[in-house]
Amino acid sequence: MIKKFFTVVLTVSLLLLIQLPQALAFYKDVPSTHLYYNSIRILYDEGKLPEETENSFKPDNQITKAGLYKLIITYAKVPLSKNISLPYSDTDNSADYAKYLQTAIDLNLIKPPKDKPKFGADTSVAKHNAISILFNALGIGIDYFYNKENFPFKDLNKNSYVAPLAQKAYDLGIQEQDKKDKFKMAKRVTKGEVADYLYKIQQNKKLTNKTITINLGTSNLQATEDQKLLLKEDSFGTFANVWSAIKNDYLYKDNLNNDQLIYDAIKGMLSQVKDEYTIFNDPSENASYMAMLESEYEGIGTVLEFIDGKVVVVSPIKNSPAEKAGIKPADIIKEVDGISVEGKTLEEVAAKIKGKAGTTVKITVQRDSETLTFEITRAKVSFNTVESEVKKWGNKKIGYIELITFGEKSYEEFLEAANTILKEKPDGFIIDLRNNPGGFVDTAINILSLFMTEKKNAVIFEYADSSKTEFKTDGNGLLKGYKIVVIINKGSASASEIVAGALKDYKIAKIIGETSFGKGSAQEVRTYKDKSIFKFTISKWLTPNGTDISKVGITPDKVVSNPNGEDLQLQEALKEF
-12 MIKKFFTVVL TVSLLLLIQL PQALAFYKDV PSTHLYYNSI RILYDEGKLP
38 EETENSFKPD NQITKAGLYK LIITYAKVPL SKNISLPYSD TDNSADYAKY
88 LQTAIDLNLI KPPKDKPKFG ADTSVAKHNA ISILFNALGI GIDYFYNKEN
138 FPFKDLNKNS YVAPLAQKAY DLGIQEQDKK DKFKMAKRVT KGEVADYLYK
188 IQQNKKLTNK TITINLGTSN LQATEDQKLL LKEDSFGTFA NVWSAIKNDY
238 LYKDNLNNDQ LIYDAIKGML SQVKDEYTIF NDPSENASYM AMLESEYEGI
288 GTVLEFIDGK VVVVSPIKNS PAEKAGIKPA DIIKEVDGIS VEGKTLEEVA
338 AKIKGKAGTT VKITVQRDSE TLTFEITRAK VSFNTVESEV KKWGNKKIGY
388 IELITFGEKS YEEFLEAANT ILKEKPDGFI IDLRNNPGGF VDTAINILSL
438 FMTEKKNAVI FEYADSSKTE FKTDGNGLLK GYKIVVIINK GSASASEIVA
488 GALKDYKIAK IIGETSFGKG SAQEVRTYKD KSIFKFTISK WLTPNGTDIS
538 KVGITPDKVV SNPNGEDLQL QEALKEF
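Those letters in the sequence shown? Residues -12 to 564, per my numbering, in order.
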């Protein structure tokens, strides 16, 4: 209802507020010689920029998080919310920004938090985050079918999770003025730059005869040649006829949901692919999937995969209810609350396991030849992606860094941990990748770069057409020359195996523990504007020596099992020093 109401409001606004003059004179601190004068002037004259205190726009100041939403809401001419009750511990309901943030929350542009965390209203905003927020708010679809061979930015990997966003920005003319071949994803953007982004988005909308809306619409993809060929298939004609029949002549047609019919048709198509890593999540399923990627959610804390028709535990999250109850990597989920999961999808099983903190769930698993049942109390599961300390071993100091997942910020956290430990003048490092289910490949490559000064292959991707792409380290070398020991187990998967595999191939580290999970494929995730996602396998990956670890895993240099109780794997790693 909010989104529909907003569309009506916007339409009325565009009719009633065309070229209304501002009450005050133009900003006194934006001279005609300013780089973004034209963009700021046009938006100002259209009434799409705010009236500022002392009539100063401050175009060269870094924009704050609150300031970004103020610009967006003002630009769209949205009626401001009157009842202000911001759900954050560090915001002020009487502040100038409060009504804009409340409006953004009411329009679902900002996801309301469950507790009262900090919002960071006065923090600066990285370029890729600012553009992502703008695109989401203004209904700018990201095209995942772009030509990667002509990717324009030299400072960003074309297979990076940010690449589709960067490509769309480039297509809209959002480029660095000094170096157009650099995206500079992490730089802090100024208020003037954001105004220029808004102007360029508006110009593109005018050229394509589209109207500005907030967060509305479906997938914004142009029909590809493959899609055009699909329309000519006889079987597609059959599909269209069946669709027409059930929509017009089916007895119970009023009970049908159009979206769900299409989502189920997609899932039916993918059932023929027979690849456990290729899945489609409709918007409701995706909400659960995205919650699992956050550093805090409610449930028991397991990372699951669908393998050979079975729901398998890749790893329990550290200190989660699942880990404390005794769930282990490679456990096969058999029942949830006494009901068999046979024939269920990964998403269906995950949905049954998740639930409100404080409630209980019974999980029955198969572990080798044993069948075990655990009664687990769900809780709020939260975790840091990196934990570290200096361990004393005899007269030596060993830097210990546990990498729990390869998230967006894990490299920065790992780097901070390493620099802190280096101040203690350690004799070496233990990198603990146990129960790390993986994450972003970029993060893995960046972390690998810390162990070598040369630009070497970190991982090799092999695609459907047999072509290969080599991803190289950048030669940072912060930890080169230190003795390195890596610990892995059955729960070390994907990006964890990329790091362990490369360090083993280059003989930089000694690997201790158990054979890893064996996830040697890479998936691309396409996110659509209806909030559904499609994750599908695009390549297999090989270690620098060309080893395919799919369903085989990485064998440690020294195999050490870890029975319940004492951490023998960590002790063995310490003995290396």
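Ideal Cβ positions, reconstructed from N, Cα and C, are used throughout, including at glycine.
Proximity of residue i and residue j at Cβ, strictly below 8 Å
i, j, result
"Ala489", "Val473", "no"
"Asn476", "Arg513", "no"
"Ile485", "Ala445", "yes"
"Leu152", "Ser119", "yes"
"Thr177", "Asp16", "no"
"Val348", "Ile320", "no"
"Ala480", "Ser508", "no"
"Gly415", "Lys470", "yes"
"Val301", "Ile314", "no"
"Lys518", "Pro270", "yes"
"Tyr148", "Gln510", "no"
"Ala124", "Ala53", "no"
"Asn80", "Ser72", "yes"
"Leu291", "Ala337", "yes"
"Gly540", "Ala482", "no"
"Ile391", "Thr372", "yes"
"Asp262", "Thr524", "yes"
"Arg175", "Gln49", "yes"
Chain-order list of residues whose beta-carbon lies under 8 Å from that of residue i (same chain, five-residue window excluded)
i, result
"Lys171", "Lys114, Asp142 and Glu163"
"Pro37", "Lys57, Leu58 and Thr61"
Pairwise C-alpha distance: residue j and residue i
i, j, result
"Ala560", "Glu376", "15 Å"
"Glu400", "Ile417", "16 Å"
"Asn116", "Glu395", "12 Å"
"Glu403", "Ile266", "35 Å"
"Asn191", "Asn423", "43 Å"
"Ser76", "Leu88", "14 Å"
"Asp93", "Thr460", "44 Å"
"Ile129", "Tyr515", "8 Å"
"Asp535", "Tyr493", "16 Å"
"Phe564", "Lys545", "15 Å"
"Asp246", "Ala91", "26 Å"
"Ala317", "Glu357", "13 Å"
"Leu557", "Asp355", "24 Å"
"Glu180", "Asn137", "25 Å"
"Phe13", "Ala182", "15 Å"
"Glu33", "Gly160", "21 Å"
"Phe458", "Lys169", "19 Å"
"Pro531", "Asn268", "33 Å"
"Pro413", "Thr430", "24 Å"
"Pro139", "Tyr157", "8 Å"
"Asn202", "Ile188", "Confidence is the limiting factor: at Asn202 the pLDDT is only 38, short of 50, which leaves the residue's position unreliable, though a coordinate-based value still follows. Near 14 Å, if we compare the C-alpha coordinates of Ile188 and Asn202."
"Asn433", "Tyr398", "7 Å"
Identified DSSP bridge partners for residue i
i, result
"Ala509", "Ser526"
"Tyr450", "Ser526"
"Gly426", "Phe393"
"Gln49", "Thr177"
"Ile520", "Asn268 and Thr514"
"Gly386", "Val377 and Phe416"
"Val473", "Ile418 and Ile498"
"Asp142", "Asp142 pairs with nothing; no bridge assigned."
"Gly286", "Ala366"
"Asp183", "DSSP output for Asp183 lists no bridge partner at all."
Alpha helix (DSSP H) segment containing residue i, residue limits
i, result
"Lys321", "Unbroken run through Lys321 is the beta strand (DSSP E), Ile319 to Val323; no alpha helix (DSSP H)."
"Pro413", "No alpha helix (DSSP H) contains Pro413, which DSSP labels as neither H nor E."
"Gln247", "Asn245 to Leu257"
"Ser222", "Asp221 to Asn235"
Test: residue i CB closer than 8 Å to a CB of chain C
i, result
"Gly505", "Of the protein chains in the structure, only one exists, and it is not chain C."
Contact set for residue i: own chain, Cβ-Cβ below 7 Å, skip 5 residues either direction
i, result
"Ala309", "Ile287, Gly288, Thr289, Pro303 and Ile363"
"Ala487", "Leu420, Val473, Ile475, Ser479, Ile498, Ser503 and Ile541"
Spatial neighbours of residue i in its chain, beta-carbon cut-off 6 Å, leaving aside the 5 residues before and after
i, result
"Tyr62", "Lys35 and Leu185"
"Ser307", "Gly288 and Val368"
"Leu555", "Val547 and Asn549"
"Lys491", "Ile498"
"Glu553", "none"
"Ile447", "Lys455, Glu457 and Leu529"
"Lys562", "none"
"Phe293", "Glu263 and Leu333"
Enclosing beta strand (DSSP E) for residue i [first to last residue]
i, result
"Thr456", "Lys455 to Lys459"
"Thr289", "Thr289 to Ile294"
"Ala496", "Ala496 to Gly500"
"Gln154", "No beta strand (DSSP E) contains Gln154, which is instead part of the alpha helix (DSSP H) from Ala150 to Asp158."
"Lys349", "Thr347 to Arg354"
"Val301", "Lys297 to Pro303"
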